[in-house]
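To start, the structure under review is shown below, and the notes come after it.
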Amino acid sequence: DTEVTQTPKHLVMGMTNKKSLKCEQHMGHRAMYWYKQKAKKPPELMFVYSYEKLSINESVPSRFSPECPNSSLLNLHLHALQPEDSALYLCASSQDRDYEQYFGPGTRLTVT
Amino acid sequence: GENVEQHPSTLSVQEGDSAVIKCTYSDSASNYFPWYKQELGKRPQLIIDIRSNVGEKKDQRIAVTLNKTAKHFSLHITETQPEDSAVYFCAAGSGNTGKLIFGQGTTLQVKP
Numbered sequence: 001d002t003e004v005t006q007t008p009k010h011l012v013m014g015m016t017n018k019k020s021l022k023c024e025q026h027m028g029h030r031a032m033y034w035y036k037q038k039a040k041k042p043p044e045l046m047f048v049y050s051y052e053k054l055s056i057n058e059s060v061p062s063r064f065s066p067e068c069p070n071s072s073l074l075n076l077h078l079h080a081l082q083p084e085d086s087a088l089y090l091c092a093s094s095q096d097r098d099y100e101q102y103f104g105p106g107t108r109l110t111v112t
Numbered sequence: 001g002e003n004v005e006q007h008p009s010t011l012s013v014q015e016g017d018s019a020v021i022k023c024t025y026s027d028s029a030s031n032y033f034p035w036y037k038q039e040l041g042k043r044p045q046l047i048i049d050i051r052s053n054v055g056e057k058k059d060q061r062i063a064v065t066l067n068k069t070a071k072h073f074s075l076h077i078t079e080t081q082p083e084d085s086a087v088y089f090c091a092a093g094s095g096n097t098g099k100l101i102f103g104q105g106t107t108l109q110v111k112p
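Those protein sequences? They're chains B and S, same order as listed.
In terms of my numbering, the first sequence has 69 at position 69, counting the first letter as 1, and numbering is strictly consecutive.
In terms of my numbering, the second sequence has 70 at position 70, counting the first letter as 1, and numbering is strictly consecutive.
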C-alpha cells in the first residue's frame, strides 16, 4: 500500500457535535501530520507526530485534539467547532520528519 | 517569522511553452524545498524536491533550481501540456522538524 487514506471524505457537523477524522498509512512512515487548507490557500500545518509522539502543535485551538494510537493511524478529534473551521483537512506522512511528505485526499469539513 | 513568497499568483501559457514559478524564503536554516501540484478537488501531489546541498535537479520536463545565497528557488516546466494546469505550491522546510512553510500558490493555465 503506497497511499495515505482518510475517512470520511465529507463531514457536516453542528457546533455542538463531537466527531473524529481518521488517517491511515501502511508505508512504515514514522512521521504523520495534520494540515488545514482553506479554499485557494496553501496547506497550513496544525500538528506533527514523530514516532507516535506529538512534536509540533502550531498553537491550534484545543477544540482540535490529535491522537496517534499507533504508527499507522492518526486521528483528529473535533469538538465545539466554529463555522470558520470549515475547510479541507489533510493528513500527510513521511518516512521521517526530514523526508518527503505524501498527502491523503483530505476530509472536507463543513461546520453549521 | 518564517515566510515563503511565491510569484506569480497566476500564469497562463500556450501549450508547448515553458513556465517558471519563483519562490523566496526567509529562514536561513531552510534546507529542503519541495514543490506540490494540486488539481481542483485533489490532494497536493509532490512533483519534485531539492535539498540545500544541490543547485539543480531535473525530472523529465520538470526542473528545480536553488540559489541558497539569494534564498531563491524556482520551478521550471518545459513543453507544457494542458494536463499541467493546476495550482502549484512551493514550500521550505528546515532541520528535521517536519515543518513545511508553503508559498501562496500559483495557478497555472496551459491553453491548448
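Where a beta carbon is used, it is the ideal one built from N, C-alpha and C, also for glycine.
Just so it is clear, the structure is predicted and the values come from calculations on it, not from any experiment.
Using a CB distance cut-off of 8 Å, Q109/S does not count as an interface residue toward chain B. With a threshold of 16 other beta carbon atoms within 10 Å, S74/S meets it and is buried.
Classified as exposed, S59/B has fewer than 16 neighbouring CB atoms from the shown chains inside 10 Å of its CB. Between the C-alpha atoms of K9/B and H79/B there is a straight-line separation of about 18 Å.
Annotation: S72/B to N96/S spans about 20 Å, alpha carbon to alpha carbon. Ranked by Cα distance from S62/B, the first of E100/B, K53/B and M46/B is M46/B. In this structure, W35/S sits near V64/S, with a CB-CB distance shorter than 8 Å. The C-beta of G104/B comes closer than 8 Å to at least one C-beta of chain S. By the criterion of a C-beta distance shorter than 6 Å, T78/S is surrounded in its chain by S18 and R61, once the five residues flanking it on both sides are discounted. In this structure, DSSP gives P44/S a state outside helix and strand, which the three-state scheme calls coil. Within 10 angstroms of the beta-carbon of R51/S lie fewer than 16 other beta-carbons, which makes it exposed. Restricting attention to E39/S, Y25/S, A29/S and R43/S, the CA atom closest to the CA of E3/B is found in R43/S. Taking 8 Å as the cut-off, the beta carbon of A86/S is found closer than this to the beta carbon of K37/S.
Within the same chain, Cβ atoms closer than 6 Å to the Cβ of D96/B are found at R30 and A31, the five residues on either side in sequence being excluded. Chain B has a Cβ within less than 8 Å of the Cβ of T97/S. Exposure of S28/S is indicated by the presence of fewer than 16 other C-beta atoms within 10 angstroms of its C-beta. Ranked by Cα distance from L81/B, the options Q6/B, L11/B and Y49/B are led by L11/B. In this model, Q37/B and L88/B are separated by some 5 Å (Cα to Cα). Residue burial annotation: Q81/S is exposed, with fewer than 16 other C-beta atoms found within 10 angstroms of its C-beta.
Using a 10 angstroms sphere on the CB of E24/B, the tally of other CB atoms reaches 16 or more, which defines it as buried.
Collapsing the DSSP output to three states places P66/B in a strand.
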